[in-house]
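The opening position of the sequence shown corresponds to residue 1 in UniProt numbering, with each subsequent residue numbered one higher.
Yeah, the Cβ is synthetic: ideal placement off N, Cα and C, and Gly gets one too.
Fair warning: this is a prediction, and the values are worked out from it, not measured in the lab.
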Amino acid sequence: MCRRLGFHRVLSNSSDHIWVFFSDEVQAECVLDHPHFLHVKNSAPFLPVEVHCSFVYAKCDYIERRDLWLSLLEVKPPSGPWLVGGDFNVVRSASECLGSCGGRRAPMEDFNSFILESALMDAGFEGSSFTWSNRHIWKRLDRVFVSINWTDHFDSIRVQHLPRTVSDHCPLLVSAPVFARGPTSFRFQSMWLHHPDFLQTVRLNWNLPCHHQGMAGLFAKLKRLKNHLKWWNRDVFGNIFDRIRETEKGVALAEAECERDPSGSNWDRLAKCNDDLARITAMESDFWKQKAACNRLEDGERNTKLFHNLIRKKHVANKIFRIWDDGTCLTSPALIQQSGAFFFESLLTGEPSALASPDLSCFSHEISDLENISIAATPYLEEVKAVVFSIPRDSVAGPDGYSSAFFQHC
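Right under this line is the structure:
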């Protein structure tokens with residue numbers, strides 16, 4: 001069977017209910033053989049890191065499934081991406097049923113508690129809302145979860161519910177493309193505002209001589225500052241996650257010194273290390289909040305899991321997995337890019353089309369001279385400032401990469 005399906009090797013669990021086929025390129029190691037799931041560690045040349053996968057085939061009885069939830073929590077990898085997928089034989093809510101849900105809430109509560117405790121995220125799906133049917137009842141019993149660090153290694157994950165044929169369950173096609181990343185554009189980072197030297201850095205660069213005036217001068221200064229901030233972020237501010245790790249090590253060393261010698265100087269050093277850690281943690285929170293474009297949380301609130309979830313959804317929504325070009329379905333990233341470039345090139349270089357004259361007969365009201373003077377008047381500086389300061393600081397940046405936080409604080 002393995003050869004007929006085009007694979008080279010196969011793993012199965014002790015109950016023979018779960019079979020995992022793979023090619024010679026993949027090094028698959030069985031970490032745990034459980035009656036309800038098979039946990040496999042995978043490595044391959046095309047994978048950025050080792051990927052842990054738990055393939056699930058759950059029992060129908062929810063009491064027996066409790067052992068499954070506990071065992072999955074025990075096998076959860078300490079680091080790296082983790083994918084959990086298969087037939088869970090339970091839904092998360094009544095909205096995932098059509099016809100009947102059985103009327104019991106305990107199985108759903110157990111399932112949702114496991115998802116929360118394991119810090120897994122539903123990978124979503126394309127296609128039918130239900131994965132199982134007996135022609136009278138429809139339910140979403142099959143799904144895929146990923147760990148919150150999945151997008152640290154993969155751009156996205158795509159789960160397609162394919163049509164049911166022989167089985168009463170529909171197959172799930174999972175793909176996790178690793179797209180080549182192009183050069184990143186400049187984006188002002190709100191976390192820079194926490195650095196004690198940031199405002200002085202901006203001030204010194206801004207006050208350098210500029211040979212342009214007016215809006216041209218503003219544009220030239222912003223462009224010059226952009227290049228300077230790229231250097232400053234790389235060589236002075238540094239990687240925020242590396243800084244957190246180093247500061248945490250400093251706190252641990254300071255705590256050890258206080259335990260060995262609880263002198264006043266050691267306690268002062270520990271207090272300073274804790275202050276530094278709180279400041280850098282606030283920077284990290286600003287980073288994730290801005291990256292997730294989340295304005296619904298109040299200042300001081302931190303929810304990294306929420307930010308990761310929002311970022312993952314943005315990544316998936318921004319990816320084009322396929323495109324139709326003249327009746328042909330393109331799925332290769334290179335062909336999709338080529339098709340998009342050709343479309344806009346043709347759009348911008350083609351012959352201009354004749355535009356019909358607008359029908360203005362529906363506009364009976366004319367602007368009075370007094371209204372025209374008011375509309376055309378130059379706004380006061382206070383009005384411009386009020387508009388700029390009314391924009392949320394974490395709103396999407398403009399084409400130049402500067403968000404409103406820059407103009408409000410600098």
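Query                                                                                                               : Result
Among 366, 127, 126, 122, the one whose alpha carbon lies nearest that of residue 149                               : 122
Per DSSP, the bridge partner or partners of residue 57                                                              : 87
Coarse secondary structure for residue 247, derived from DSSP in three states                                       : helix
Residue 107 classed as buried or exposed, judged by whether at least 16 other C-beta atoms fall within 10 angstroms : buried
Residues bridged to residue 122 [DSSP beta-bridge criterion]                                                        : 145
Beta-carbon proximity list for residue 329, same chain, < 8 Å, skipping 5 on both sides                             : 322, 323
Under 9 Å between C-beta atoms of residue 129 and residue 96                                                        : yes
Among 355, 142, 9, the one whose alpha carbon lies nearest that of residue 111                                      : 142
Nearest-angstrom Cα separation, counted from residue 126 out to residue 4                                           : 28 Å
Span of the beta strand (DSSP E) around residue 194                                                                 : Here residue 194 belongs to no beta strand (DSSP E), and DSSP marks it neither H nor E.
Burial state of residue 191 (16 or more Cβ within 10 Å)                                                             : buried
Ranges of the alpha helix (DSSP H) found wholly within the stretch 326-392, counting only runs of at least 4        : 333-349, 369-376, 381-390
Nearest-angstrom Cα separation, counted from residue 193 out to residue 301                                         : Residue placement at residue 301 is poorly supported in this model, since its pLDDT is 47, which falls under 50; the coordinates are not used for a value here.
Straight-line gap, residue 249 to residue 52 (C-alpha atoms, nearest Å)                                             : 28 Å
Residue 197 versus 237, 169, 264, residue with shortest Cα-Cα distance                                              : 237
Host alpha helix (DSSP H) of residue 221 (start-end)                                                                : 214-232
Beta-carbon separation (whole angstroms), residue 37 vs residue 18, contact threshold 8 Å                           : 7 Å
Simplified DSSP assignment, three categories, for residue 396                                                       : coil
Residue 22 in three-state terms, based on DSSP                                                                      : strand
Beta-carbon proximity check, residue 270 vs residue 254, cutoff 9 Å                                                 : yes
Residue 29 versus residue 288 - alpha carbon distance                                                               : 34 Å
Element boundaries [alpha helix (DSSP H), containing residue 405]                                                   : 404-409
Straight-line Cα distance separating residue 251 from residue 277                                                   : 8 Å
Inter-residue Cα distance where the pair is residue 156 and residue 124                                             : 11 Å
Where residue 137 sits in the DSSP three-state scheme                                                               : coil
Where residue 299 falls, given that 16 or more other Cβ within 10 Å makes a residue buried                          : Here the model assigns residue 299 a pLDDT of 44, short of 50, so the residue's position is not dependable, and the following value carries that caveat. Per the 10 Å Cβ criterion, exposed.
Close Cβ partners of residue 297 (< 6 Å) along its chain, the five nearest in sequence each way excluded            : Confidence in residue 297 is poor, its pLDDT being 48 and thus under 50, which makes the residue's placement too unreliable to answer from.
Through-space distance from residue 185 to residue 202, alpha-carbon basis                                          : 19 Å
Simplified DSSP state of residue 241, which is helix, strand or coil                                                : helix
Residue 47 versus residue 345: straight-line alpha-carbon distance, rounded                                         : 35 Å
Under the three-state DSSP convention, the category residue 300 falls into                                          : With a pLDDT of 43 at residue 300, under the threshold of 50, the modelled position of this residue cannot be trusted, and the question is left open.
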